[in-house]
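Below: the structure, in structure tokens.
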Amino acid sequence: MDWLTSFIQDLQLSGPALWHGLSITLKVVISATIGGVLIGTLLALMRLSSIKVFNIFAKGYVNLFRSIPLLLVLMWFYFAVPFIYTGITGNYLTIDTALVSSIVAFMLFEAAYFSEIVRAGIQSIPKGQTSAAYALGMSYSQSMRLIILPQAFRKMTPLLLQQTIILFQDSTMVYAIGLLDFFRTNYVRGDLMSLLTQYIIFAGLVYFTISMIATYAVKKLQRRLSV
Amino acid sequence: MTDAKTMIDLQNVSKWYKDFQVLTDCTTQIKQGEVVVVCGPSGSGKSTLIKTVNGLEPFQSGQILVDGISINDAKTDLNKLRSRVGMVFQHFELFPHLSITENLTIAQVKVLGRSEAEAKQKGLAYLERVGLSAHANKYPAQLSGGQQQRVAIARALSMDPIAMLFDEPTSALDPEMINEVLDVMVGLAKEGMTMMCVTHEMGFARQVADRVIFMDQGKIVEDCTKDEFFNTPRGERAQQFLNKILH
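Quick mapping for you: the protein sequence lines, in order, are chains W and P. When we follow our numbering, the leftmost residue of the first sequence carries the number 2, and every step to the right adds one. When we follow our numbering, the leftmost residue of the second sequence carries the number 290, and every step to the right adds one.
Okay, structure coming up:
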């Protein structure tokens, strides 16, 4: 069991770096979820609106992001955005490009998926609820904000969280642009110390455990919300 | 009653769904304090007609004036007009994510700009009026259908409406719950509320209606006083309908 003891010994040294990696992963997942839900809700409202321009834009957006690989979006933001920024302003980007472009890419990509969930959620609320809100004199935005969206989100929460769990796993793709998230930290350390197999198995176990616990929690929440 | 002012004035209202005409030249007036029952076979357009009165259903030709304000004028603040007309729906449409008290106050606060305290006081007063004070902190799903409909009436009344529209308020209720809702409506009618009610409850019509409108195939076929409608021979279609519904 020499391979295990040497790994555990090294884990004590790499612990802080792994924690940091995990915090980067969570930062990407949480920001992308919040931003994605906000943009997704906006897209869903545009998609359901009777104004044609909004309609076409939202439809085009969803179709575009569903038709290109996530990896490509990620790279596009990492390479193209700083390039365009420098081209326009003449300055170099001083932000952490890898982190910011990861967050932006995931946010925009997930927005396409979240918008479909939100749209279904809004459509699941009986039309009479909107009529009742209007009959009381509410405007479109009041009826959405106060009556329809709160009910829709309650119904959608399990689905949105399920999508977030998928995002949590997909976030390992930031590997491609060199962001030191949890997975890449494991990989780099394992490679350096010739413990690659152990670190990759360990990383897999951590992703598995977190996803399992989260899925279980969502199922429980779903049961509570449906009562 | 003849010198009272006209509250709801429908002039030649027509509506089409694509090629299908659902309302044809509907013209009638409802005066302040009048109770008008609209009846007719299903599919006759009575629900559509009542929904045009507060602009929930658009229509293509004709005009509707509510308290002298045109519903289909682009300059009309439709939200404001709607806030002055109460509506009660077949399926109650209480907001399930809000408590009964919140259901009663939300539009008062957000639409009329009343303070929380004022809205609550008003809402709870109407809740007491419909006999449901004990349920103020419950949620709609915890109430029976009849109770939910009474809350819906209280919610509409809390806005201090100039008229009330009822769209089949008892059709979705179990028989034993119909009367508790009708009692509230009878009380309102006796207090002089202007009411337009789409309903099959002919007992209610006999008791408090001033006029009865009978619709068939999108047209107003009869528009007469209650006594004329129930006592003198009617047109054939209305007579058939009455025979079916009164036995």
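By construction, the Cβ of each residue, glycine as well, lies at the ideal position given by its N, Cα and C atoms. Small disclaimer: the values here were computed from a predicted structure and weren't measured.
Same chain only: Cβ atoms within 8 Å of residue i, ignoring 5 sequence neighbours per side
i       : result
M290(P) : The predicted model places M290(P) with a pLDDT of 48, which falls under 50 and marks its position as unreliable; any figure quoted below should be read in that light. For M290(P), where only same-chain residues beyond five positions count, the Cβ hits under 8 Å are K320, G322, E323, D499.
T210(W) : none
V374(P) : V342, N343, V355, P450, I451, A452, M453, L454
I214(W) : none
M296(P) : I319, K320, Q321, E323, V355, D356, I451, A452, T483
N532(P) : none
I467(P) : G435, T459, E490
L226(W) : R155, K156, T158, P159
V475(P) : F493, Q496, V497
Y188(W) : Y176, L197, Y200, I201, A204
V470(P) : G435, Q438, R439, I442, P458, T459, L462
Q431(P) : H424
Extent of the continuous alpha helix (DSSP H) to which residue i belongs
i       : result
M466(P) : 464-479
Q310(P) : First-last for Q310(P): 309-320, but that is the beta strand (DSSP E), not the alpha helix (DSSP H).
A45(W)  : 3-49
M491(P) : 491-497
D192(W) : 183-193
N520(P) : 515-520
T556(P) : Lying outside 290 to 536, the shown extent of chain P, residue 556(P) is not represented and no answer is given.
R418(P) : 405-418
D171(W) : 150-171
M76(W)  : 71-76
M482(P) : M482(P) -> no alpha helix (DSSP H), and no H or E assigned at all.
F66(W)  : 53-68
7 Å Cβ cutoff met for residue i and residue j
i       : j       : result
V510(P) : V326(P) : no
V398(P) : F348(P) : no
L181(W) : G16(W)  : no
L462(P) : Y415(P) : no
S116(W) : V63(W)  : yes
F113(W) : M376(P) : It should be pointed out that residue 113(W) corresponds to Ala in this sequence rather than to Phe. No, they are not a contact pair.
T313(P) : D512(P) : no
L345(P) : S132(W) : yes
V74(W)  : F110(W) : yes
V105(W) : G41(W)  : no
A478(P) : F503(P) : no
Among the options, nearest to residue i - alpha-carbon criterion
i       : options                            : result
F518(P) : G329(P), E382(P), V311(P)          : G329(P)
I389(P) : M484(P), A408(P), M376(P), R373(P) : A408(P)
G420(P) : D463(P), I442(P), V377(P), L401(P) : I442(P)
N368(P) : F203(W), M139(W), K28(W)           : M139(W)
S103(W) : S144(W), Y217(W), G179(W), M194(W) : G179(W)
D505(P) : D362(P), Y306(P), C315(P), I467(P) : C315(P)
K128(W) : V74(W), S144(W), V189(W)           : S144(W)
S333(P) : L471(P), Q410(P), G507(P)          : G507(P)
M448(P) : L413(P), S422(P), L471(P), G481(P) : L413(P)
R146(W) : I57(W), L39(W), G191(W), G205(W)   : L39(W)
T34(W)  : M108(W), R224(W), A133(W), G191(W) : M108(W)
I25(W)  : G36(W), G37(W), A99(W)             : A99(W)
I339(P) : V473(P), G524(P), T488(P)          : T488(P)
T394(P) : A406(P), P385(P), L299(P)          : A406(P)
S125(W) : P151(W), W20(W), Y141(W), S142(W)  : P151(W)
Check: residue i C-beta below 6 Å from any heavy atom of the ligand MG
i       : result
Q170(W) : Ligands are entirely absent from the displayed structure, and the ligand MG is therefore not among its contents.
Same chain, Cβ closer than 7 Å to residue i, five either side skipped, listed in chain order
i       : result
I123(W) : A45, L49, I149, A153
V219(W) : P159, L162, Q163
T216(W) : I166
S212(W) : I166, F169, Q170
W4(W)   : Q199
L383(P) : N392, P429, Q437, V440, A441
Y93(W)  : T87
L535(P) : M491
K515(P) : A494, R495, A498, D499, R500, V501
R371(P) : N343, G344
Any C-beta of chain C under 7 Å from that of residue i
i       : result
F378(P) : The question asks about chain C, but that chain is absent: this structure's protein chains are W and P.
Close beta carbons around residue i, own chain, < 6 Å, minus the five adjacent residues each side
i       : result
A59(W)  : L44, M47, R48
C486(P) : V326, F455
A134(W) : S144, I148
T173(W) : F184
K294(P) : Q321
G351(P) : Q300, N301, V302, S303
N361(P) : none
Residue i - containing beta strand (DSSP E), residue span
i       : result
S447(P) : No beta strand (DSSP E) contains S447(P), which DSSP labels as neither H nor E.
S350(P) : 350-355
L454(P) : 452-456
G375(P) : 374-377
R500(P) : 500-505
V324(P) : 324-328
message = So, does the segment 418-433 of chain P touch the segment 447-457 of chain P, judging by three or more C-beta pairs under 8 Å?
response = At 8 Å Cβ cutoff, the stretches do not touch.
Check whether the segment 75-93 of chain W touches the segment 4-22 of chain W, counting contact only when three or more Cβ pairs, one atom from each stretch, lie closer than 8 Å. No, they do not touch.
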